[in-house]
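Participant: If you scroll down you'll find the structure; I have some questions about it.
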Amino acid sequence: MPYYRGEQLSEVYDGAARDGYGFVASNTTHLDIMQGLLDGAADAESDIVLQIKRDTAEYLGNGDVAAGLNIMQSHLRTVSEMLDVGVFLNVDHVAADDEELIDAAIESGGPSSMMIDASDYPFEENVERTAAVVDRVDDRGEDLLVEAELGTIAGTESGETTEEAFYTDPAEAVEFVERTGCDLLAVSIGTEHGVSAGVDLDLRVDLAAEIHAALRDHGFEVPLVVHGSSGLTPKQVSALMETGVCKLNTNTRYQYEYARTACEFYHDNADAILPPEGVVDDRATFFADADWAPDKSRFNPQVVGRAVRKRIAAVHAELAETAGSAGESHFLKGASR
């Protein structure tokens, strides 16, 4: 199935809201994580929202953000042709003053959505900066949804730590959506960026429901987004799906699964990679003067990469089940339903 953009993504969110499920929007920091996520979505028969942040774009583009974004889009378009589920790309947590990434996201003509983050500014400036980006997208006629954030989420995001959370106010949410025209709204209800355990969070599911009700009462059918969902329990995720939340962002879980899988693989296969005691560590000649030699069938990066993909696929398929999107692909069932 081809990679899709904003109009189809909006239809997918509408269907999720109508049928009471949501999506685990998954940040990809490495191509093996990305492929594992796609494999998991295909296994679960779930449409998928992948996400890329500035740090990953810089990494892929060797410092060039626009090049990295184009690399991700090109790769994603190619591999998504092999799938039967819908594939979307969100440019995640674009700082309001990051003109380079804003320009790249709008001008590349590729992403399905972009999350503009002006949440660390006072309310009026958040409105002003978010509305300016919405206007730019509209002026260019780009098929690109704009997600915004209101409130402050604690934790560590892209190396920056926020100590204190500020919950989203329902009345401000209504005013914010009305004045900015944003397509999705990320709200602060007690989750945290980075490593957190759901049982330790002061998660305000009731607040998400209040925000959703306030928006609907004023005629706004705007999907809600919850950032920092790594660590939430299945019960917490299910509860959020009943409140108008259609998108849960997850990043840290996949990074940990990548590192854990690779660590365990290399630990178990150390004898095939590291010379035993008494053998000179002669990498340059591949131990030509020793009876021992490393085993390429185990040190080839593709071997551990496949193990990572398999693990990430299993994790994402499980999360899709929890969020309710498994078996609900808008495209497998037919866009006309």
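For what it's worth, the working numbering labels the leading residue of the sequence shown as 1246, then goes sequentially.
The beta-carbon is built from N, C-alpha and C at its ideal position, and this holds for glycine as well.
Bear in mind that the values here come from a model prediction, so they are computed numbers and not experimental data.
Count the other C-beta atoms from every protein chain shown that fall within 10 angstroms of the C-beta of Y1248, then say buried if there are 16 or more, exposed otherwise.
Facilitator: With 16 or more other Cβ atoms within 10 Å, it is buried.
Participant: Under the DSSP definition of a beta bridge, which residues are partnered with K1480?
Facilitator: Answer by DSSP bridge pairing: none, since K1480 is not bridged.
Participant: Is the beta carbon of A1562 closer than 8 Å to that of Y1266?
Facilitator: No, the pair does not count as a contact, with Cβ atoms beyond the cut-off.
Participant: For D1536, which of helix, strand or coil comes out of DSSP?
Facilitator: Three-state result, D1536: coil.
Participant: Compute the beta-carbon to beta-carbon distance between V1257 and H1575, rounded to the nearest angstrom, for a pair I have assumed lies under 8 Å.
Facilitator: Their Cβ separation, rounded to whole angstroms, is 5 Å, which keeps V1257 and H1575 in contact under 8 Å.
Participant: Throw me the rounded Cβ distance for the G1572 and E1290 pair, which I believe falls under 8 Å.
Facilitator: Rounded, the Cβ-Cβ distance is 5 Å, consistent with contact.
Participant: Give the secondary structure of K1298 by DSSP, where H, G and I count as helix, E and B as strand, and everything else as coil.
Facilitator: Residue state, collapsed to three classes: coil.
Participant: Helix, strand or coil: how does DSSP classify K1555 here?
Facilitator: If DSSP states are grouped into helix, strand and coil, K1555 belongs with the helices.
Participant: Do you know offhand how far G1426's Cα is from R1543's?
Facilitator: Spanning the two alpha carbons is a distance of roughly 52 Å.
Participant: Kindly confirm or deny that the segment 1279 to 1295 and the segment 1317 to 1335 touch, where touching means at least three C-beta pairs closer than 8 Å.
Facilitator: Judged by Cβ distances under 8 Å, the segment 1279 to 1295 makes contact with the segment 1317 to 1335, as three or more pairs qualify.
Participant: Does C1491 pass the burial test, meaning 16 or more other C-beta atoms within 10 Å, or should it be called exposed?
Facilitator: Classification of C1491: buried, given that the 10 Å Cβ count is 16 or more.
Participant: DSSP beta-bridge partners for F1333?
Facilitator: Per DSSP, V1294.
Participant: Considering only residues of the same chain and omitting the five flanking positions on each side of V1269, which have a CB-CB separation below 6 Å?
Facilitator: Taken in chain order, the residues that qualify are L1493, T1495, L1564, A1568.
Participant: Among all the DSSP beta bridges, which residues are the ones paired with K1492?
Facilitator: In the DSSP output, where bridge partners are listed per residue, K1492 has F1268, V1470.
Participant: Using 8 Å as the threshold, is the C-beta distance between R1385 and L1346 below it?
Facilitator: Going by C-beta atoms, R1385 is not nearer than 8 Å to L1346.
Participant: Quick check on R1250: buried or exposed, where buried means 16 or more other Cβ atoms within 10 Å of its Cβ?
Facilitator: Counting Cβ neighbours within 10 Å, R1250 comes out buried, since at least 16 surround it.
Participant: For the segment 1502 to 1522 and the segment 1533 to 1547, state whether three or more C-beta atom pairs, one from each stretch, are separated by less than 8 Å.
Facilitator: Judged by Cβ distances under 8 Å, the segment 1502 to 1522 makes contact with the segment 1533 to 1547, as three or more pairs qualify.
Participant: Do S1255 and L1390 have their CB atoms nearer than 8 Å?
Facilitator: The answer is yes: Cβ separation under 8 Å.
Participant: For D1362, count the other beta carbons within 10 Å of its own beta carbon; 16 or more makes it buried, fewer makes it exposed. Which is it?
Facilitator: It counts as buried.
Participant: For a test of the three-state rule: what should DSSP assign to L1430, helix, strand or coil?
Facilitator: Reduced to three states, the DSSP call for L1430 is strand.
Participant: For F1421, count the other beta carbons within 10 Å of its own beta carbon; 16 or more makes it buried, fewer makes it exposed. Which is it?
Facilitator: When all chains shown are included, F1421 counts as buried.
Participant: Between the Cα of F1368 and the Cα atoms of A1416, D1383, V1382, which residue gives the shortest distance?
Facilitator: For the residues A1416, D1383, V1382, the minimum Cα distance to F1368 belongs to A1416.
Participant: Would you mind sorting R1498 into buried or exposed? The rule is 16 or more other CB atoms within 10 Å of its CB.
Facilitator: So R1498 ends up on the buried side.
Participant: Use the C-beta contact count for M1327: other C-beta atoms within 10 angstroms, 16 or more gives buried, fewer gives exposed.
Facilitator: M1327 comes out exposed.
Participant: Tell me which same chain residues have a C-beta within less than 6 Å of the C-beta of A1261, skipping the five on either side of it?
Facilitator: The residues are G1267, C1491.
Participant: Within the continuous beta strand (DSSP E) that includes I1361, where are the two ends?
Facilitator: From DSSP, the beta strand (DSSP E) with I1361 extends over 1358 to 1362.
Participant: Would you say I1278 and I1456 are within 8 Å of each other, going by their C-beta atoms?
Facilitator: Taking 8 Å as the Cβ cut-off, I1278 and I1456 do not qualify as a contacting pair.
Participant: Taking the beta strand (DSSP E) that L1390 falls in, what are its first and last residues?
Facilitator: Unbroken beta strand (DSSP E) run through L1390: 1390 to 1395.
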